[in-house]
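Student: Residue numbers for the sequence shown follow the numbering used here, beginning at 15 and rising by one.
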Amino acid sequence: MASDRSGTRVDSASAPNIVRPALDDVDRTLLRALAADARMPNNALAQRAGVAPSTCLGRVRALRERGVIRGYHADVDPAALGRPIQAMISVRLQSHARGHIPDFMARIAELPEVLNVFFLGGADDFYVHIAATSTENLRDFVVINLSGNADVALTETNLIFDHIRAGLGHPAH
């Protein structure tokens, strides 16, 4: 499950069990355009996809109802909010703490520094993406909220120097 500050929650555990109708070329065009600019007016979106505005509106509504479009949010620079230091922290839980995964995720996601929580398969259980006010704030976050938690076996903190949004966020060329 991933969480973000916009309130979007992605239940990765159940997502593979969801059967969704296949996306066609129009759906993919709409999704690419919205991923690049979620504020694109419907008439411009319809023109980009080559459909009537009423068709476009219906398609986007159906994509939201099917859970393909999970939400809309502003991509705000954490530094503008006084949190210029970003880090990705890998977290491994104690083996006895596996039953606490949902509680751990919910508790961590509520902390003000946390931007995203990713539940993983592999050696680490989570990546926690945070934005801190200072190196001291980063240290305190790790020491108090992670290392100080009896369920946590190991953490590794990696500073983020820069971030480039990739994937669907870029229009097709």
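A virtual CB, placed ideally from N, CA and C, is assigned to each residue, including glycine. Predicted, not measured: the structure shown is a model, and the values here were computed from it.
1) How big is the Cα-Cα spacing for Thr169 and Asp139?
2) Can you name the residues that DSSP bridges to Thr149?
3) Assuming the contact rule is C-beta atoms closer than 8 Å, Leu160 and Ile115 should be a hit. Round their C-beta distance to whole Å, please.
4) What are the start and end residues of the beta strand (DSSP E) that includes Asn188?
5) Can you tell me where the alpha helix (DSSP H) with Asn57 in it begins and where it stops?
6) Under the three-state reduction of DSSP, which class applies to Val82: helix, strand or coil?
7) What residue range is occupied by the uninterrupted alpha helix (DSSP H) comprising Leu103?
8) Nearest CA to the CA of Val40: which residue from Arg53, Ala49, Pro55, Arg62?
9) According to the neighbour-count rule (16 or more other Cβ atoms, all chains shown, within 10 Å of its Cβ), is Ser20 buried or exposed?
10) Could you check what DSSP says for Val40 in three-state terms: helix, strand or coil?
11) Could you check the C-alpha separation between Val90 and Arg97 for me, to the nearest Å?
12) Please report the distance separating the alpha-carbon of Cys70 from that of Asn56.
13) Taking 8 Å as the cut-off, does the region 73 to 87 touch the region 42 to 56 (at least 3 CB pairs, one atom from each stretch)?
14) Report back the beta-carbon spacing between Ala101 and Thr171 to the nearest angstrom; my notes put them in contact at under 8 Å.
Tutor: Judging by the given coordinates:
1) 10 Å
2) DSSP output for Thr149 lists no bridge partner at all.
3) That pair is no contact at about 15 Å.
4) Since the first and last residues shown for the chain are 15 and 187, residue 188 lies out of range.
5) 56 to 63
6) coil
7) Before going further, note that residue 103 is Ile rather than Leu in the sequence given. Element bounds for Ile103: not the alpha helix (DSSP H) but the beta strand (DSSP E), 99 to 107.
8) Arg62
9) Here the model assigns Ser20 a pLDDT of 44, short of 50, so the residue's position is not dependable and the matter cannot be decided.
10) helix
11) 11 Å
12) 7 Å
13) yes
14) 5 Å
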